[in-house]
Amino acid sequence: MTKKKILMIGTGGTIASKITPNGLDPQLTSEEILAFIPGISEICEVDTLQICNIDSTNIAPEIWVLMTNTIREKYDQYDGFVVTHGTDTMAYTAAALSYLIQDSPKPIIITGAQKPINMEITDSKTNLFDSFLYAASDSASGVQIVFNGKVILGTRARKTHSKSFQAFSSINYPYLAIIQDGRVISYISQEKGEQPRFFDKLDAKVALFKLTPGVDSEILSYMLERNDAVIIESYGVGGIPSAPEYGYFEAINHWIGKGKTVVMTTQVPNEGSDMEIYKVGHELKARVNILEAYDMITEAVVCKLMWILGQTQDPARIKELFYTTISNDILY
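In full-length UniProt numbering, the protein residues as written are 1 to 332.
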């Protein structure tokens, strides 16, 4: 049986880090990382490519486009891709690639670690081995995170633990599979596309406004003045302070009238928003042309808006694309 050919794309992160006097710093190349798991040659053939070597705190939309263009250029040469990445922004990268590379019949797996691969106690080797194992399986397609034995859809991943090996959770969607004792156990079959669709335009002028008690609506106005879209992370099922002295209704209506996009989501990790339940949400939605995220996670909302606004500035088309389900990002 012919082994599948996988391209490992290195971007840095903890998995590639060395200890320095100033803290962990990404320094290992993809080739050096791969040398720590020689047994991978029994599963698949691997080539390596380094596109950057950074702490994922420094990830930016232009690097997502670089990843996308790299995968596009190499797509026909490989059966799948494994991207090594820092954990801090991994969920954003997984979401971004889910919109920039749609309907891929080949797997694009993102992984990393909470401890560097050259440490005695590390999750790096297991995560990397599992990622290649899954990428070489017949069930894998599209963009996913593989971490601590879990396979998470790219539009549903969130970092929920800052230190422990179980760093990521799947939000409002089941795990696609688990990897246990060298076996892939699939729970949900993803529908495979026939041909991938690649995009290379993002609008980075998307900001996130976290609602806190007493925060002035002028802060929201400031953000809307300088961005094309703002996501309001509200409380509970979604709403906005309705007392006239806060001025939120007027501010949101004003900036939407000037062509800005405003989306309501929730700070609560699970179960999503529903602005119809309480007056503070129902009244806003009735009076203002605001979009609602429902069960979409914040990481996906941010990246989806960047992708949408990279394609169009037409409000009707923005709304249509926002509510179009892509990689099971919204099911409400």
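All C-beta atoms in this analysis are idealised placements derived from N, C-alpha and C, irrespective of residue type, glycine included.
Closest residue to residue i among the options (Cα-Cα distance)
{"i": "residue 315", "options": "258, 244, 72, 149", "result": "258"}
{"i": "residue 130", "options": "98, 200, 119, 110", "result": "110"}
{"i": "residue 203", "options": "100, 324, 10", "result": "100"}
{"i": "residue 90", "options": "126, 263, 11, 142", "result": "11"}
{"i": "residue 124", "options": "33, 326, 218, 301", "result": "33"}
{"i": "residue 228", "options": "78, 5, 318", "result": "318"}
{"i": "residue 48", "options": "8, 200, 231", "result": "8"}
{"i": "residue 266", "options": "16, 141, 244, 172", "result": "172"}
{"i": "residue 236", "options": "287, 294, 250", "result": "294"}
{"i": "residue 285", "options": "189, 175, 177, 240", "result": "240"}
{"i": "residue 196", "options": "143, 233, 247", "result": "143"}
{"i": "residue 217", "options": "181, 199, 190, 255", "result": "255"}
{"i": "residue 63", "options": "288, 200, 300, 329", "result": "200"}
{"i": "residue 70", "options": "278, 198, 298, 305", "result": "198"}
{"i": "residue 96", "options": "307, 325, 2", "result": "307"}
{"i": "residue 133", "options": "263, 28, 46, 303", "result": "46"}
{"i": "residue 50", "options": "27, 61, 72, 40", "result": "27"}
{"i": "residue 337", "options": "332, 208, 300", "result": "Absent from the model: residue 337. The displayed extent of the chain is 1 to 332, so no value can be given."}
{"i": "residue 81", "options": "38, 61, 30, 42", "result": "30"}
{"i": "residue 375", "options": "177, 102, 182", "result": "In the structure as shown, the chain begins at 1 and stops at 332. Residue 375 is therefore absent and cannot be evaluated."}
{"i": "residue 119", "options": "24, 283, 224, 43", "result": "24"}
{"i": "residue 103", "options": "128, 72, 92", "result": "72"}
{"i": "residue 175", "options": "245, 13, 152, 21", "result": "152"}
{"i": "residue 44", "options": "74, 18, 128", "result": "128"}
{"i": "residue 42", "options": "194, 182, 324, 305", "result": "182"}
{"i": "residue 61", "options": "305, 166, 3", "result": "305"}
{"i": "residue 328", "options": "3, 98, 22, 18", "result": "98"}
{"i": "residue 40", "options": "179, 3, 138, 292", "result": "3"}
{"i": "residue 139", "options": "167, 166, 187", "result": "187"}
{"i": "residue 283", "options": "22, 244, 303", "result": "244"}
{"i": "residue 232", "options": "324, 21, 292, 38", "result": "292"}
{"i": "residue 13", "options": "22, 52, 65, 21", "result": "52"}
Beta-ladder partner(s) of residue i, from DSSP
{"i": "residue 197", "result": "102"}
{"i": "residue 249", "result": "DSSP lists no partner for residue 249."}
{"i": "residue 90", "result": "Bridge partners of residue 90: none, in fact."}
{"i": "residue 184", "result": "179"}
{"i": "residue 4", "result": "44"}
{"i": "residue 335", "result": "Residue 335 is absent from the structure shown; the chain starts at 1 and stops at 332."}
{"i": "residue 169", "result": "158"}
Nearest-angstrom Cβ-Cβ length linking residue i and residue j, presumed shorter than 8 Å
{"i": "residue 230", "j": "residue 220", "result": "7 Å"}
{"i": "residue 192", "j": "residue 78", "result": "Going by Cβ atoms, the distance from residue 192 to residue 78 rounds to 16 Å, so no, they are not a contact pair."}
{"i": "residue 115", "j": "residue 126", "result": "Actually they do not touch by this definition, with Cβ atoms about 11 Å apart."}
{"i": "residue 15", "j": "residue 94", "result": "The pair is not a contact, with the Cβ atoms about 15 Å apart (cut-off 8 Å)."}
{"i": "residue 158", "j": "residue 141", "result": "That belief does not hold up - the Cβ atoms of residue 158 and residue 141 are roughly 22 Å apart, past 8 Å."}
{"i": "residue 107", "j": "residue 135", "result": "5 Å"}
{"i": "residue 275", "j": "residue 247", "result": "Rounded, the Cβ-Cβ distance is 19 Å, inconsistent with contact."}
{"i": "residue 288", "j": "residue 252", "result": "5 Å"}
{"i": "residue 249", "j": "residue 117", "result": "No, residue 249 and residue 117 are not in contact; Cβ-Cβ is about 52 Å, not under 8 Å."}
{"i": "residue 300", "j": "residue 68", "result": "In fact, because the Cβ distance is near 16 Å, the residues do not count as touching under 8 Å."}
{"i": "residue 262", "j": "residue 290", "result": "5 Å"}
{"i": "residue 264", "j": "residue 234", "result": "6 Å"}
{"i": "residue 224", "j": "residue 260", "result": "5 Å"}
{"i": "residue 362", "j": "residue 92", "result": "The structure shown does not extend to residue 362, since the chain is modelled only from 1 to 332, so the question has no answer here."}
- [ ] Assess, as a yes-or-no matter, whether the stretch 79 to 88 is touched by the stretch 39 to 58 under the definition of 3 or more beta carbon pairs within less than 8 Å.
- [x] yes
- [ ] Report yes or no: do the stretch 263 to 271 and the stretch 131 to 148 share at least 3 C-beta pairs separated by less than 8 Å?
- [x] no
Task: Given 8 Å, three or more beta-carbon pairs between the stretch 156 to 164 and the stretch 195 to 213 - done: no
TODO: May I have a chain-ordered list of the alpha helix (DSSP H) segments no shorter than 4 residues that lie completely inside the stretch 13 to 54?
DONE: 30 to 34
TODO: Counting only runs of 4+ residues fully inside the stretch 99 to 165, write out the alpha helix (DSSP H) ranges in chain order.
DONE: 124 to 135
Task: Every unbroken alpha helix (DSSP H) inside the UniProt domain "Asparaginase/glutaminase C-terminal" (205 to 322) [4 residues or more] - done: 217 to 226, 248 to 257, 279 to 287, 298 to 311, 315 to 322
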